[in-house]
């Protein structure tokens, strides 16, 4: 277990997600201009606000709807909305000069849109798990935690419509990389100021596409943003569904869709050259609210951890695409001092599952028989993969410890509100 300093939660790492898989025929790469394509994503989006994005499925949509100051182009950082940028000699001030770019309703994308969007995500009333990414900006952290009230003191300012100045707390070599994260994408100023739904994210976007049709949890249709000034592809319309993987592979095989995200790994051998995979990195974990009994008992928490068979959890949910977690930080991140792999240097922090030891710990914690066992609640975002992993986790606690486990699946906004204010027992995240 790893302690999150300054708050009342402990992390219990579960699994590391290492591979993102899709099915798509090679013919799409050379599709004729003006083609419509149909895709199926592994989970439905919880919204189109780029600053609240959580899952890869949402990022696939948002990358087509919105564009930031810089973008990745074939693995190289390249201009997006910014035509150029100048960095001060001390490495702390970035001045971005914007291109002549437009929202999908014809309004100009301005530096004021970026300034308001970045200050919006830092506001205490705004719910986002990505707010911390802006902490490199001068006074962003102080404002975010409530120590600073004046937004004018935050180090982001529109000098005019097309010039944005950003001042950092200290030089940050990866700042431009950070700008490719959804948290730094712009939202139309009129939506921020007036909450006018005509300017809502996705429906008023600055990327190559905009939302043409949307039925929550069912389907979406992305249509070309006629005002987009960047490089255009050969697709005029993207039809998106959100069916479970087993259903998705059936309609893919039948030729009804052109791309399937996260096909069933048990069938990978059948896909041939249609299977495209890319490495990614992330850790799934459980928050434990240590202000609530019996989670305030370290021995009880140890029992919960020993009851989790992470190998089996990964096998049943991620297959070969993931590996069991041995700590919160996944492999692939270099140690800042030695330069070697941080996880390898730090070693395993979690003990393997042990049916006998977990019961021993439970008894030692003061629960020698099932009569007094507490009910454990698990808070989780109502989305396919997180919910499936949570169900298996609950099953392990029920079988190995005899606990009663209740799963509470909520929207992303509800999850963040409940988790950030301590109104949960345990919560599945990552």
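In the numbering used here, the protein residues as written are 2 to 431.
All residues carry an ideal CB built from backbone N, CA and C; glycine is no exception.
Nearest-angstrom beta carbon gap, residue j and residue i [assumed within contact, 8 Å]
i, j, result
"residue 187", "residue 207", "6 Å"
"residue 426", "residue 378", "4 Å"
"residue 380", "residue 411", "7 Å"
"residue 209", "residue 224", "In fact, because the Cβ distance is near 10 Å, the residues do not count as touching under 8 Å."
"residue 159", "residue 112", "4 Å"
"residue 386", "residue 416", "Incorrect: roughly 14 Å between the Cβ atoms, too far for contact."
"residue 239", "residue 64", "That pair is no contact at about 11 Å."
"residue 341", "residue 389", "That pair is no contact at about 35 Å."
"residue 272", "residue 176", "In fact, because the Cβ distance is near 39 Å, the residues do not count as touching under 8 Å."
Buried versus exposed, by CB contacts within 10 Å (16 or more), residue i
i, result
"residue 31", "Confidence at residue 31 is low in this model, with a pLDDT of 48, below 50, so the placement of that residue is unreliable and no value is reported for it."
"residue 87", "exposed"
"residue 285", "buried"
"residue 165", "buried"
"residue 36", "exposed"
"residue 400", "exposed"
"residue 59", "buried"
"residue 145", "buried"
"residue 384", "buried"
"residue 50", "buried"
Same chain, Cβ closer than 6 Å to residue i, neighbours up to 5 away in sequence not counted
i, result
"residue 52", "122, 129 and 184"
"residue 173", "137"
"residue 152", "120"
"residue 313", "none"
Own chain residues within Cβ distance below 8 Å of residue i, not counting five before or after
i, result
"residue 110", "82, 99, 102, 103, 104, 187 and 207"
"residue 134", "179, 182, 184 and 185"
"residue 29", "Because residue 29 sits at a pLDDT of 47, beneath the cut-off of 50, its placement in the model cannot be relied upon, and the following sentence gives the value as read from the coordinates. Contacts found: 38, 259 and 260."
7 Å Cβ shell around residue i - same chain, five flanking residues per side excluded
i, result
"residue 215", "221"
"residue 358", "307"
"residue 438", "Only positions 2 to 431 of the chain appear in the structure, and residue 438 is not among them; the question remains open."
"residue 89", "none"
Practice problem: Assess, as a yes-or-no matter, whether the stretch 37-46 is touched by the stretch 242-251 under the definition of 3 or more beta carbon pairs within less than 8 Å. | Solution: yes
Quiz prompt | Segment contact, 8 Å Cβ cut-off, at least three pairs: the stretch 126-146 with the stretch 193-203 | solution = no
Quiz item: For the stretch 252-291, which segments carrying the alpha helix (DSSP H) assignment without a break, of at least 4 residues, lie completely within its bounds, in sequence order?
Solution: none
Exercise. Evaluate contact between the stretch 65-75 and the stretch 167-184, counting only Cβ atoms and requiring at least three cross-stretch pairs below 8 Å.
Key: yes
Quiz item: For the stretch 126-195, which segments carrying the alpha helix (DSSP H) assignment without a break, of at least 4 residues, lie completely within its bounds, in sequence order?
Solution: 141-145, 176-179 and 190-195
Quiz item: Do the stretch 300-310 and the stretch 79-95 meet, that is, are 3 or more Cβ pairs less than 8 Å apart?
Solution: no
Exercise. Enumerate, from N- to C-terminal direction, the unbroken beta strand (DSSP E) stretches of 3 or more residues contained entirely within the stretch 33-66.
Key: 36-41
Quiz item: For the stretch 330-344 against the stretch 262-279, are there 3 or more C-beta pairs whose distance is under 8 Å?
Solution: no
Quiz item: Are three or more beta carbon pairs between the stretch 387-396 and the stretch 359-366 nearer than 8 Å?
Solution: no
Exercise. Ignoring anything shorter than 3 residues or poking outside the stretch 344-428, list the beta strand (DSSP E) runs there in chain order.
Key: 376-382 and 405-411
Quiz item: If you scan the stretch 81-126 from start to end, which runs of the beta strand (DSSP E) of 3 or more residues do you find wholly inside it?
Solution: 83-88 and 94-99
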